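Asks: Just so you know, we're using this note's numbering here: the sequence shown kicks off at 2 and counts up by one.
We put the CB at the ideal spot given by N, CA and C, even for glycine.
In this text the structure is predicted, and so the values were computed from the model without any measurement.
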Amino acid sequence: MTDQFGREINYLRISITDRCNLRCFYCMPQQPEHLCHADILSYEEIVRIARLAASLGITKIRITGGEPLVRKDCAELIAMLKRISGIQTVALTTNGTLLEQALPELCKAGLDAVNISIDTMQEAVWHRITGYDKSMPNWLDLLHQCICNGLNTKVNAVLLKETRTEWTALAALAERLSVDVRFIEQMPIGQGKSSETENAQAVLQELRKQCPDLHPIQICDAGSPARYYAGTGLKGRIGLITPISHQFCSRCNRIRLTSTGQLKPCLSYGCSTDLRTLLRSGASDEALLSAMRDCIYQKPEQHCFAAKTDKAERQTMNRIGG
């Protein structure tokens with residue numbers, strides 16, 4: 002269906018947990034207050050919402066967290082979502098630390114695509130960013146495994162002042178492998194309000210020193226937030242996601258379902274529709290559909306990151322799902 006501004010909404014991001022095994026300073030509080038298990042949606046409740054969303058025109062679902070792979074039987078949920086008529090793509094966003102072990106079951110379940118958050122190639126820097134005391138994954142090997150298993154694979158790198166010297170090293174992943182490397186301006190939400198981001202245009206200028214013919218290309222997915230670039234020697238593409246310097250709200254095609262069952266029409270606003278209460282009070286499919294239609298139709302025209310408003314989202318990113 003379309004919202005009040007005529008945008009076709011066909012993409013649903015579903016957070017299945019607020020928990021994560023990392024403590025990235027721009028996302029997770031160092032001492033988070035976790036939700037009780039009873040507060041988050043069951044897989045059956047998620048599937049019911051997804052089935053209704055598909056009847057409204059949702060064709061793509063992405064599973065997020067927190068870190069989705071810390072929740073037991075994530076692959077089982079993906080298999081259930083893949084069986085829903087009308088759902089064409091089920092994707093996963095992960096920090097990569099648990100992915101290698103989970104990969105066989107995820108692929109067996111029918112996972113179509115994976116985005117792996119890789120902010121740095123240096124282990125010492127990675128430990129400072131994540132607060133993790135175990136070894137950093139072998140990113141090249143992990144990405145190679147994803148590609149060999151037929152997954153559409155992307156790298157997400159948040160632009161941080163701590164990693165400014167690594168842009169070319171991260172972009173080099175697209176030279177060695179058929180992956181898209183996407184540089185993302187940090188959004189001023191939760192923990193992200195207190196850390197500095199870099200302008201994505203500066204990335205482009207830096208990368209063109211190594212790849213002078215880096216040029217913009219058209220892609221089939223009109224709703225994608227990324228602007229993509231190709232260049233000689235690249236097997237993959239370079240993407241820039243610029244919510245701050247070059248907003249893409251006019252083509253936004255997504256809504257979000259938090260782990261507690263709040264349907265959010267826009268990441269930056271605190272407003273949401275409480276589907277969990279409807280579900281658990283015995284609401285019919287028709288009542289749920291009506292609530293979902295209203296939420297989608299009322300999607301704001303643009304985000305409010307640059308505005309001073311009491312309607313802005315106040316939760317941390319791990320609670321929303323990104």
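For L215, which option in R238, G224, L100 has the closest C-alpha, if you only look at C-alpha atoms?
Replies: Closest in alpha carbon position to L215, among R238, G224, L100, is R238.
Asks: Buried or exposed: where does Q192 fall if 16 or more other Cβ atoms within 10 Å of its Cβ makes it buried?
Replies: For Q192, the predicted structure reports a pLDDT of 49, less than 50, and the residue's modelled location is therefore unreliable. A value from the coordinates is still provided. Q192 is buried by the Cβ-count criterion.
Asks: Compare the Cα-Cα distances from H304 to each of P244, L264, G322, T259 and report the closest residue.
Replies: Cα-wise, what sits closest to H304 is P244.
Asks: Please tell me whether I15 and L258 are closer than 8 angstroms, where the distance is taken between their beta carbons.
Replies: In this structure, I15 lies near L258, with their beta-carbon atoms less than 8 angstroms apart.
Asks: Based on Cα-Cα distance, which residue from A175, A92, P69, L53 lies nearest to L141?
Replies: A175
Asks: Between the Cα of M137 and the Cα atoms of A172, I148, Q123, which residue gives the shortest distance?
Replies: Closest option to M137, Cα to Cα, is Q123.
Asks: With a cut-off of 8 angstroms on the beta carbons, I'd call I130 and E167 a contact; round off their distance for me.
Replies: Contact between I130 and E167 does not hold, since the beta-carbon distance rounds to 11 angstroms and is not under 8 angstroms.
Asks: Candidates L13, L144, N150: which alpha carbon is nearest N157's?
Replies: L144
Asks: Using only the alpha-carbon positions, how far apart do L93 and T278 sit?
Replies: 26 angstroms
Asks: When DSSP labels each residue in this structure, what does T166 get in the three-state scheme?
Replies: It is helical.
Asks: Could you tell me if Q263 is buried or exposed, where buried requires 16 or more neighbouring beta carbons within 10 angstroms of its beta carbon?
Replies: buried
Asks: For Q206, does the three-state DSSP call read helix, strand or coil?
Replies: helix
Asks: Rounded to whole angstroms, what's the CA-CA distance from S282 to L36? Just pull it up for me.
Replies: As the crow flies, the alpha-carbon of S282 is around 20 angstroms from that of L36.
Asks: Express the C-alpha separation of T121 and V48 in angstroms, rounding to a whole number.
Replies: 35 angstroms
Asks: Can you tell me the Cα-Cα spacing of R165 and E207, whole angstroms?
Replies: It is roughly 10 angstroms from the alpha-carbon of R165 to the alpha-carbon of E207.
Asks: Going by beta carbon distance, what residues of the same chain come within less than 7 angstroms of I185, once the five residues before and after it are set aside?
Replies: N157, A158, V159, L160, I242
Asks: Along the alpha helix (DSSP H) that carries D286, what are the first and last residues, could you check?
Replies: That run of the alpha helix (DSSP H) goes 286–298.
Asks: Beta-carbon within less than 7 angstroms of P226's beta-carbon, same chain only, minus the 5 sequence neighbours each way: which residues are those?
Replies: I242, F249
Asks: In chain order, what residues of the same chain lie with their CB nearer than 7 angstroms to the CB of I41, ignoring the 5 residues before and after it?
Replies: T18, S260, T261
Asks: Are L13 and A54 touching if we call contact CB-CB under 8 angstroms?
Replies: yes
Asks: Please go through the same chain and pick out, in chain order, the residues whose beta-carbon is closer than 7 angstroms to the beta-carbon of Q299, but skip the five residues on each side of it.
Replies: Q5, P266
Asks: Could you tell me whether the Cβ atoms of I321 and M2 are closer together than 8 angstroms?
Replies: no
Asks: Are the CB atoms of I85 and L112 nearer to each other than 8 angstroms?
Replies: no
Asks: Taking N200 as the reference, give the member of I218, S246, K73, I256 with the closest Cα.
Replies: The shortest Cα separation from N200 among I218, S246, K73, I256 belongs to S246.
Asks: So, G232 versus R183, is the Cβ gap smaller than 8 angstroms?
Replies: no
Asks: Which stretch, first to last residue, makes up the beta strand (DSSP E) that contains G115?
Replies: The residue you asked about is not Gly; residue 115 is Val in the sequence shown. Run containing V115: 114–118, per the beta strand (DSSP E) assignment.
Asks: Between the Cα of S273 and those of C253, R294, A284, D286, spot the shortest distance and give me the residue it belongs to.
Replies: R294
Asks: Can you tell me the Cα-Cα spacing of Q219 and Y229, whole angstroms?
Replies: 7 angstroms
Asks: Suppose the cutoff is 6 angstroms on Cβ atoms and the five residues either side in sequence are ignored; what does the same chain contact list for N204 look like?
Replies: It should be noted that the sequence gives Val, not Asn, for residue 204. W168, F184, listed in sequence order.
Asks: To which residues of the same chain is L99 closer than 6 angstroms at the C-beta, ignoring the five residues directly before and after it?
Replies: L70
Asks: I need the DSSP call for E302, collapsed to helix, strand or coil.
Replies: coil
Asks: Return helix, strand or coil for A173, following the three-state DSSP convention.
Replies: coil
Asks: Does DSSP classify N150 as helix, strand or coil?
Replies: coil
Asks: Could you round the C-beta distance between T95 and E68 to whole angstroms and report it? I think they count as a contact, below 8 angstroms.
Replies: 6 angstroms
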